[in-house]
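**Student:**
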Amino acid sequence: MGDDLWTVGFHAVLGVLESSQPVDAFWIQKDRHDRRMQRIKTAARNRGVRYDLVPRARLDGVADGVAHNGCAVRSAPIAFVELDHLVRTDGEESRLLLVDDLKDPHNLGAVLRTAAALSVDGVVIAGPSAPPLGGAVAKAAAGLLGRVPLARVRVAADALVYLRDRGYWAFAADVDGTPLGEVRKSQRWILCIGSEERGLRAKTRSQVDEPVAIPMAEGVESLNLSVSAGILLWELSKPNR
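Residue numbering for the sequence shown follows the numbering used here, beginning at 1016 and increasing consecutively.
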């Protein structure tokens, strides 16, 4: 199968079929005739995508341990862009997201889905431990994996230096930061999200202009990583009051 990307799971496959993402192959489990499969087949017909009925074993073989729900689509792997491709010209609004050393493919996929839903202009994936954009990431992204341009860098701090030199203001999630509702938004900004276990690395944090905090009820210490990213991106995208 080479380096082709297999996206599996009902919602993820449906998302691909309802997008403009090219599809090289589409498999449906041949003994599945439920409503979900009928909906999948309808989406394929509407898109003009041909599908093949295959035994479950073939789907198991491309799912790499991810629950496939009886369907899978194959497409070309997601191509990364250079960091400078994400930089808008002077005077243009720009909203970027940087994820630093995320290791869990499900978290990465969920964050990329959130970024797509909130119309982020680009995502920078940093760190040597970032998972490949395989089936688990694609399923968690629910068909939105190719919607937002992605750049991959090894050192997040270096990427922040590059972007700050070009007029970007760097925010980062931090429980001790400025309350989110009090933040003055910049026209060009990048939000930095750290890893599941330890947050941002110290070198990355040293390049942050302003830490921001999500106000939470007493006794609540943290939120799911993708939920936090969604709240922060939503609020930072609002105009200043």
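Backbone N, C-alpha and C define an ideal beta-carbon position, used for all residues, glycine too.
What do you reckon, are the CB atoms on V1102 and R1181 nearer than 8 angstroms?
**Tutor:** Yes, the Cβ-Cβ distance between V1102 and R1181 is below 8 angstroms.
**Student:** Let me make sure I understand the geometry here. Which of D1136, L1215, L1240 and E1211 has the alpha-carbon closest to that of I1205?
**Tutor:** Among D1136, L1215, L1240 and E1211, the Cα nearest to that of I1205 belongs to D1136.
**Student:** In terms of alpha-carbon separation, which member of A1172, D1049, A1155 and A1040 lies closest to G1063?
**Tutor:** Considering only alpha carbons, the answer is A1040.
**Student:** Please determine, among Y1183, V1227 and G1085, the residue with the shortest C-alpha to C-alpha distance to D1189.
**Tutor:** Closest option to D1189, Cα to Cα, is V1227.
**Student:** Per DSSP, F1186 forms a beta bridge with which residues?
**Tutor:** Partner(s): L1206 and E1225.
**Student:** By Cβ distance below 8 angstroms, which residues in the same chain neighbour E1033 in space, the five residues on each side in sequence not counted?
**Tutor:** Counting only Cβ-Cβ distances below 8 angstroms, and skipping sequence neighbours, we find A1058, R1062 and G1158.
**Student:** Take the Cβ of K1218 as the centre, count every other Cβ of all protein chains shown within 10 Å, and call the residue buried at 16 or more, exposed below.
**Tutor:** With fewer than 16 other Cβ atoms within 10 Å, it is exposed.
**Student:** Using beta-carbon positions only, say whether P1230 and P1194 come within less than 8 angstroms of one another.
**Tutor:** Going by C-beta atoms, P1230 is nearer than 8 angstroms to P1194.
**Student:** Per DSSP, which one or two residues make a beta bridge with F1041?
**Tutor:** V1088.
**Student:** Leaving out five residues before and five after A1155 in sequence, what residues of the same chain have Cβ atoms less than 6 angstroms from its Cβ?
**Tutor:** Excluding residues within five positions, the ones whose Cβ falls inside 6 angstroms are H1121, G1124 and A1125.
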